[in-house]
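Before any comments, here is the structure.
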Amino acid sequence: MAKVDFYVLENANRQRHDVFLCRLIHKAWRQGLDVFVHTGDGRRATEFDALLWTYQDISFVPHRLADSDAAPAPVTIAAGDSADRNPAALLVNLAPDAPGFADQHERIAESAGYDNATRALARQRFRAYQAGGRAMDTHRLTL
Numbered sequence: 560m561a562k563v564d565f566y567v568l569e570n571a572n573r574q575r576h577d578v579f580l581c582r583l584i585h586k587a588w589r590q591g592l593d594v595f596v597h598t599g600d601g602r603r604a605t606e607f608d609a610l611l612w613t614y615q616d617i618s619f620v621p622h623r624l625a626d627s628d629a630a631p632a633p634v635t636i637a638a639g640d641s642a643d644r645n646p647a648a649l650l651v652n653l654a655p656d657a658p659g660f661a662d663q664h665e666r667i668a669e670s671a672g673y674d675n676a677t678r679a680l681a682r683q684r685f686r687a688y689q690a691g692g693r694a695m696d697t698h699r700l701t702l
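My numbering puts the sequence shown at residues 560 to 702.
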């Protein structure tokens, strides 16, 4: 069963939240982990794809959008129920709900949100993971 890490980001807005997630993905990739980024929709997947190219001037994270003709990469970004799901070691969930396929991954990274709406959704995901009996850790960070 996958272990879940929830990141509670103090002083976060959407931009700082997303840049933090890019840094988390970058760190995982540098540690040799494959990463699957699950988004709720295609627009969010495209936004996150662009952000991984631009969030830092001096870094590069090899990645691709799922269901594209791009060569395989250690980081895959997918929208919704993409058929192009990669059983990567780390799942970074950006979708509003906990994905049903979460246990295909060793670890799950979740954000506790950046505003009232995203925090409410994060609480629902937290309860869903907890009810499923997963091991969970909470990390409080100030941005």
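Cβ coordinates follow ideal geometry from the N, Cα and C atoms, glycine included.
Small disclaimer: the values here were computed from a predicted structure and weren't measured.
Own chain residues within Cβ distance below 7 Å of residue i, not counting five before or after
i           : result
residue 695 : 563, 565, 688 and 689
residue 693 : 560, 561, 562 and 563
residue 624 : 604, 608 and 636
residue 601 : 638
residue 585 : 618 and 620
Start-to-end residues for the alpha helix (DSSP H) that takes in residue i
i           : result
residue 693 : Here residue 693 belongs to no alpha helix (DSSP H), and DSSP marks it neither H nor E.
Residue i (DSSP reduced to helix, strand or coil)
i           : result
residue 592 : coil
residue 688 : helix
residue 578 : helix
residue 700 : strand
residue 683 : helix
residue 608 : helix
residue 629 : coil
residue 617 : coil
Proximal residues to residue i (C-beta, below 6 Å), its chain only, five neighbours per side dropped
i           : result
residue 655 : 599 and 680
residue 646 : 663
residue 587 : 594 and 649
residue 632 : 621, 622 and 623
residue 573 : 673
Beta-bridge partners of residue i, as assigned by DSSP
i           : result
residue 598 : 638
residue 623 : 635
Close Cβ partners of residue i (< 8 Å) along its chain, the five nearest in sequence each way excluded
i           : result
residue 698 : 564, 565, 566 and 567
residue 575 : 568, 673 and 702
residue 610 : 577, 578 and 581
residue 700 : 566, 567, 568, 569 and 579
residue 583 : 566, 651 and 668
Extent of the continuous beta strand (DSSP E) run through residue i
i           : result
residue 566 : 562-569
Length-filtered (4 minimum) alpha helix (DSSP H) runs lying within the region 633-674: none
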